[in-house]
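There are 2 protein chains.
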Amino acid sequence: MKADGADQYCILHEADLRDYLAGVPGLATTLGGAPSAWEITEVGDGNLNLVFIVKGAQGGIAVKQALPYVRLVGESWPLPLSRAHYEFLALSRQAELAPGLVPALLHHNDTLALTAMELLEPHIIMRKGLVAGVKYPRFVDDISTFMARTLFYTSDLALSAADKKEGIAAFAGNHALCKITEDLIFTDPYRIAEQNRWTAPYLDATAASLREDLDLHVAISRLKLKFMASPEALVHGDLHTGSIMVTETETRVIDPEFAFYGPMGFDVGAVIANLLMAYFASAGHERTPGERRAFEGWVLDTVEKVWSEFLRKFLDLWRAGAAGDGYPASLFAGDNGAARLEAERQAYMQRLFADTVGFAAAKIIRRIFGLAHNIDFELIEDPQRRAISEARAVRLARMMMVETGSFPSITDITGAARKLCDWQPDFAK
Amino acid sequence: MKADGADQYCILHEADLRDYLAGVPGLATTLGGAPSAWEITEVGDGNLNLVFIVKGAQGGIAVKQALPYVRLVGESWPLPLSRAHYEFLALSRQAELAPGLVPALLHHNDTLALTAMELLEPHIIMRKGLVAGVKYPRFVDDISTFMARTLFYTSDLALSAADKKEGIAAFAGNHALCKITEDLIFTDPYRIAEQNRWTAPYLDATAASLREDLDLHVAISRLKLKFMASPEALVHGDLHTGSIMVTETETRVIDPEFAFYGPMGFDVGAVIANLLMAYFASAGHERTPGERRAFEGWVLDTVEKVWSEFLRKFLDLWRAGAAGDGYPASLFAGDNGAARLEAERQAYMQRLFADTVGFAAAKIIRRIFGLAHNIDFELIEDPQRRAISEARAVRLARMMMVETGSFPSITDITGAARKLCDWQPDFAK
Chain Y
1 MKADGADQYC ILHEADLRDY LAGVPGLATT LGGAPSAWEI TEVGDGNLNL
51 VFIVKGAQGG IAVKQALPYV RLVGESWPLP LSRAHYEFLA LSRQAELAPG
101 LVPALLHHND TLALTAMELL EPHIIMRKGL VAGVKYPRFV DDISTFMART
151 LFYTSDLALS AADKKEGIAA FAGNHALCKI TEDLIFTDPY RIAEQNRWTA
201 PYLDATAASL REDLDLHVAI SRLKLKFMAS PEALVHGDLH TGSIMVTETE
251 TRVIDPEFAF YGPMGFDVGA VIANLLMAYF ASAGHERTPG ERRAFEGWVL
301 DTVEKVWSEF LRKFLDLWRA GAAGDGYPAS LFAGDNGAAR LEAERQAYMQ
351 RLFADTVGFA AAKIIRRIFG LAHNIDFELI EDPQRRAISE ARAVRLARMM
401 MVETGSFPSI TDITGAARKL CDWQPDFAK
Chain W
1001 MKADGADQYC ILHEADLRDY LAGVPGLATT LGGAPSAWEI TEVGDGNLNL
1051 VFIVKGAQGG IAVKQALPYV RLVGESWPLP LSRAHYEFLA LSRQAELAPG
1101 LVPALLHHND TLALTAMELL EPHIIMRKGL VAGVKYPRFV DDISTFMART
1151 LFYTSDLALS AADKKEGIAA FAGNHALCKI TEDLIFTDPY RIAEQNRWTA
1201 PYLDATAASL REDLDLHVAI SRLKLKFMAS PEALVHGDLH TGSIMVTETE
1251 TRVIDPEFAF YGPMGFDVGA VIANLLMAYF ASAGHERTPG ERRAFEGWVL
1301 DTVEKVWSEF LRKFLDLWRA GAAGDGYPAS LFAGDNGAAR LEAERQAYMQ
1351 RLFADTVGFA AAKIIRRIFG LAHNIDFELI EDPQRRAISE ARAVRLARMM
1401 MVETGSFPSI TDITGAARKL CDWQPDFAK
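Each protein sequence line maps, in turn, to chains Y and W.
The opening position of the first sequence corresponds to residue 1 in my numbering, with each subsequent residue numbered one higher.
The opening position of the second sequence corresponds to residue 1001 in my numbering, with each subsequent residue numbered one higher.
Pasting the structure below:
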């Protein structure tokens, strides 16, 4: 194939990619040296796309190309290439709104479904760090800034209704990616589905109970409807700790190919859910009892601060000047108006917190009973130990989803999580 | 100008229109006879567009052309011609979903922002009939069918999430029309705005109280946000009794140029609000006390039945087979699942009723204090009598908006309306 000037899609192999990149002046300069000397490694860790790391004499870049199917499953599960377009669109917007918190964009080709980005080095996937028990002191500040700014500035609080509707329309075509979420997160774990799996036999009874639990089915259905029909803001759509790259001093949010206009709580809930899973998994990674106590304390502290800092920053943006068509300032004039608007802001954030709690619960359950699991739990080799961690997480998640109102604050969540660490499921007694 | 084959917009005058229609084979046949003999009358009653009635030897048609500005105000208030495109799109969809309840579409030209439709004869605008005290025995059945079918079949209960998102995107460009609603219904009546007007001096104190009433400002702001960011279904967007043409045996819903994906309660609330206004206005049209008692009883009865029949039909459609991605059947299997899903349907409709009550209240207040008034009240010549009717309506509306929860059923609304007919505002004592 001839990739440069490509007028149709083709999957790039190493040689093609080398030719293609050599033809993009900016990239060739960034890499430096002779193209033939560039080192190209495919590092995609498996779910959806090809990911190449390219290193030249001057520097490196990361190149991501979408495949026309789900890589994890194969050609039997086709997936539109257009997701690369939406990822590029989301990344561009996030770069404007949260500068320095996403990888710098270097090049995009819609036809090839290909994007070249800053190479993040020595960053690692945050989830890997959490499994290893590493604390990330920058994380709270960075992720709360990322969420507060990307969500606030794409909401009705900051945008005119016209701009908001244009944004919604621009991402409406990304429905195939939304559908993955609708099925894998909001439906399959609660019914018999071929792709479901869990730590058998320990969690067999819990898996069966999820399929029978009608309180849970009502709750997940309401959350699904909210996911489908509440375009509150441009959400990342897949904001787990595998979509965040970190060092101890830097944080970068990557992979927004699931981006669309959806409920804000879906992003905030994703972060909180994945931290809670890191917390519950931690005991399974201990070699000696209690050796990860300090790390676990840091994780729960991080859960609390992610919410409280997000809350504070979002409210500060809102107070500093809401130019959007929602809550017009002219209806809240004077001291009384200001006080009432502040009360309404608090009520708004309380509703957003309830959404966050519900979505966090949904994200936990899908990682334990659905198709896509995560290494927090998967790397616990002893299946019974793994199942104990998972059972604790799912017990909390079930309460969070069905009794959302009994978790009015983030410390109610972390308090319940802490208590559950002493709880032993029946199979472990 | 040469209208046939027009490649750019121009305002059609009678002669242009005659030439244009003569060039559209289907229309020329419908009209019949020599084009020069066609009778053309411009009958647009003023708000936004040109409306022509064209009669030939064989039959008649109605032709609507959008102007690039708000006709009521003039060129100083520009409005996109694209609204004709959205109106055509909505009318086409409504014709599929609620056959016989909208005028038959005969021809559309996007460039000219022109649509030709079935001539509705001897139908009159329903509001005029209500002012005259005429009962419409078909109305409940027809409007409840129209709303149940158009709303259900464009919702997440009937559509895949992908089709729903495509629908949302297809109407997202109609934001200029949404903006009119956002300003005139959800903002201006609650603040000082040049275009506001009311029956002075009688309602001066009430107008001032609306501007100070922070409970109301919170409530209207929440409704506004719901209007902007809850694309539940394809709503008509302007479903008042001036958008409905009737005879005693037929009902046709017209003018969906405000159509977009919004909250279902906005349409249902519009119908109920306008019936309630007809009820409160009725006393002002009496020549002898009590002469319209039977009509007024019919109006309140109609309010109750519009809701109860809409509820019944919407639920029947849902029970008969919900093919959409919301509330997947696989999560509600067996007798227990079916019972739980039925309870959830009832809860869904209860939330929709609360939305309906809130939006109905907003529609009443805007007609008494905003830019656009209606003839129900305006044709009461004595301003004090008019103000008494208006004051009763707005008193109910204020309660409906701020204390929505104290109106759990439609008979709570009609009961409160009935009681208010004995209430005299201070200025009338």
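In this text, a Cβ means the ideal position worked out from N, Cα and C, and glycines have one as well.
- Contact note: ILE168 of chain Y reaches chain W through ILE1168, ALA1172, using a C-beta cutoff of 7 Å and chain order.
- LYS1064 of chain W sits in a strand when the DSSP states are folded into three classes.
- Using a CB distance below 7 Å, the part of the segment 322 to 336 of chain Y facing chain W consists of ASP325, GLY326, TYR327, PRO328, SER330, LEU331, PHE332, ASN336, ordered along the chain.
- As summarised for the segment 1188 to 1276 of chain W, the continuous beta strand (DSSP E) elements at least 3 residues long and confined to that stretch are 1233 to 1235, 1244 to 1246, 1251 to 1253, 1260 to 1262, given in chain order.
- Per DSSP, the unbroken beta strand (DSSP E) holding THR1041 of chain W starts and ends at 1039 to 1042.
- At a cut-off of 8 Å between C-beta atoms, MET228 of chain Y counts as an interface residue with respect to chain W.
- Rounded to whole angstroms, GLY44 of chain Y and ILE375 of chain Y show a C-alpha spacing of 16 Å.
- SER1209 of chain W counts as exposed, since fewer than 16 other C-beta atoms from the protein chains shown sit within 10 angstroms of its C-beta.
- Rounded to the nearest whole angstrom, the CA to CA distance from GLY321 of chain Y to VAL102 of chain Y is 25 Å.
- Of all residues in the segment 1172 to 1199 of chain W, those with a C-beta nearer than 8 Å to a C-beta of chain Y are ALA1172, GLY1173, HIS1175, ALA1176, CYS1178, LYS1179, GLU1182, THR1187, TYR1190, ARG1191, reading in chain order.
- If only complete runs of 4 or more residues are kept, the segment 1152 to 1193 of chain W shows the alpha helix (DSSP H) at 1161 to 1172, 1175 to 1184, in order along the chain.
- A direct Cα-to-Cα measurement between GLU1304 of chain W and GLU304 of chain Y gives close to 49 Å.
- The segment 223 to 237 of chain Y and the segment 1216 to 1231 of chain W touch, with no fewer than 3 CB-CB distances between them shorter than 8 Å.
- Between VAL1131 of chain W and HIS1285 of chain W the beta-carbon gap is near 6 Å, inside 8 Å, which marks them as a contact.
- If you draw a straight line from the Cα of ALA1397 of chain W to the Cα of GLY1358 of chain W, it comes to about 8 Å.
- In this chain, the alpha helix (DSSP H) harbouring ILE1410 of chain W covers 1410 to 1420.
- Contact fails between the segment 1346 to 1356 of chain W and the segment 1178 to 1190 of chain W, because fewer than three Cβ pairs, one in each stretch, are under 8 Å apart.
- Excluding the 5 residues flanking it on each side, LYS1128 of chain W has same chain C-beta neighbours closer than 8 Å at ILE1375, in chain order.
- Put simply, the backbone Cα of LEU1027 of chain W is about 60 Å away from that of ASP19 of chain Y.
- If you ignore the 5 residues before and after ARG93 of chain Y, its C-beta comes within less than 8 Å of the C-beta of THR150, THR154, LEU234, all in its own chain and listed in chain order.
- At a Cβ-Cβ threshold of 8 Å, VAL218 of chain Y and ARG1340 of chain W count as neighbours.
- Taking C-alpha positions only, VAL246 of chain Y is separated from ALA294 of chain Y by approximately 20 Å.
- Between ALA116 of chain Y and the set Y:ASP156, Y:LEU225, Y:VAL51, Y:LEU352, the nearest pair of CA atoms involves Y:VAL51.
- Residue nearest to GLU1342 of chain W within the set W:ARG1312, W:ARG1071, W:PHE1139, W:ASP1007 is W:ARG1312 (criterion: CA-CA distance).
- For LEU1225 of chain W, a Cβ of chain Y is located within less than 8 Å of the residue's own Cβ.
- The straight-line gap separating the alpha-carbon atoms of LEU1119 of chain W and ALA1034 of chain W is approximately 19 Å.
- Per DSSP, SER82 of chain Y lies in no beta strand (DSSP E) and is assigned neither H nor E.
- For LYS363 of chain Y, no Cβ of chain W is located within less than 8 Å of the residue's own Cβ.
- Taking the C-beta atoms as reference points, ARG1366 of chain W is found no nearer than 8 Å to PHE1377 of chain W.
- Restricting attention to W:PHE1260, W:GLU1166, W:GLY1023, W:ALA1104, the CA atom closest to the CA of VAL1253 of chain W is found in W:ALA1104.
- It is roughly 38 Å from the alpha-carbon of SER221 of chain Y to the alpha-carbon of ARG1395 of chain W.
- In this structure, ASP1188 of chain W lies near ASN1196 of chain W, with their beta-carbon atoms less than 8 Å apart.
- In summary, GLU309 of chain Y is buried, with 16 or more beta-carbon neighbours lying within 10 Å of its beta-carbon over all protein chains present.
- Rounded to the nearest angstrom, the gap between the Cα atoms of LYS226 of chain Y and GLU1121 of chain W is 44 Å.
- Scanning its chain for C-beta atoms nearer than 6 Å, with the 5 sequence neighbours on each side dropped, one finds around PRO383 of chain Y the residues THR199, in chain order.
- With respect to chain Y, the C-beta atom of GLU1121 of chain W has no partner C-beta closer than 8 Å.
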